[in-house]
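Residues 442 to 629 in our numbering are what the sequence shown lists, from first letter to last. For glycine and all other residues, C-beta sits at the position ideal for the given N, C-alpha and C.
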Amino acid sequence: MRMLSTLRRKLRHLEPSVRDQLARTALARAVPWMEQRALFRFQREPLARGVAAGLFCGLIPGPLQLVGAVGACAWLRGNVVAGGVTTFYTNPLTTVPLYVLAFQVGSLVLPGEQSLPAFNAAGPAGAFSVQALAEWMQALGTPLLVGLPVLGLVLAVLGYAAVQALWLAPVLQRGRRRQRARALRDQA
């Protein structure tokens, strides 16, 4: 729990430097708008919303993840830094397992029997091919299209709840210690 308190303290100390950097850039005119939407506040609620937006938008294919996360953070009034960083949970190593999981979720939601096409990302020469990967993703079809937003929503809710719980854990622990100390004082 001490590590969480240290992380919270460091995030709070990060806020003034982010604000200073924003004041010096071309975004200085947009700072009042961003401030109103808590886009750079390192507090519990904006961080939780930013993580949720990043987890949801991380499943967007291609380079639109970061743009989607920034837009979602602006709409949800979440922390843009947390949203942007959270999108990096999808990377070349995790994309295929996440898409298989999204296909399975989509198969559960859709009626009928859905079968997962075999994954073969090797090109004609036997080496990895982005085109072969894209064709495999296209073969996943409707179950993937349905499963991605459902999986993204589930991950967003779990991420939001995790940030809330981790942020409040030291507070709850302090309260329990005070209750125990009060109970020991009352017994004596």
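- Assignment of alpha helix (DSSP H) within the segment 530-555, counting only whole runs of 4 or more residues, yields 536-550 in chain order.
- Assigned with DSSP and collapsed to three states, glutamine 484 falls in coil, not helix or strand.
- In the three-state scheme derived from DSSP, where H, G and I count as helix and E and B as strand, glycine 593 is classed as helix.
- Phenylalanine 560 sits in coil when the DSSP states are folded into three classes, being neither helix nor strand.
- The continuous alpha helix (DSSP H) containing alanine 510 extends over residues 505-517.
- Secondary structure of serine 570 (DSSP, three-state): coil.
- For glycine 524, the enclosing alpha helix (DSSP H) covers residues 521-527.
- By the Cβ criterion, the segment 550-558 is not in contact with the segment 527-534, since fewer than three pairs of Cβ atoms, one from each stretch, lie closer than 8 Å.
- Here leucine 599 carries a helix assignment [DSSP, helix/strand/coil].
- Segment contact: the segment 578-585 against the segment 611-623, fewer than three CB-CB distances shorter than 8 Å; contact not assigned.
- Here glycine 512 has no same chain residue with a Cβ atom under 7 Å from its own Cβ, once five neighbours each way along the sequence are excluded.
- Sorting Leu592, Ser570 and Val508 by C-alpha distance to the C-alpha of alanine 543 places Leu592 at the top.
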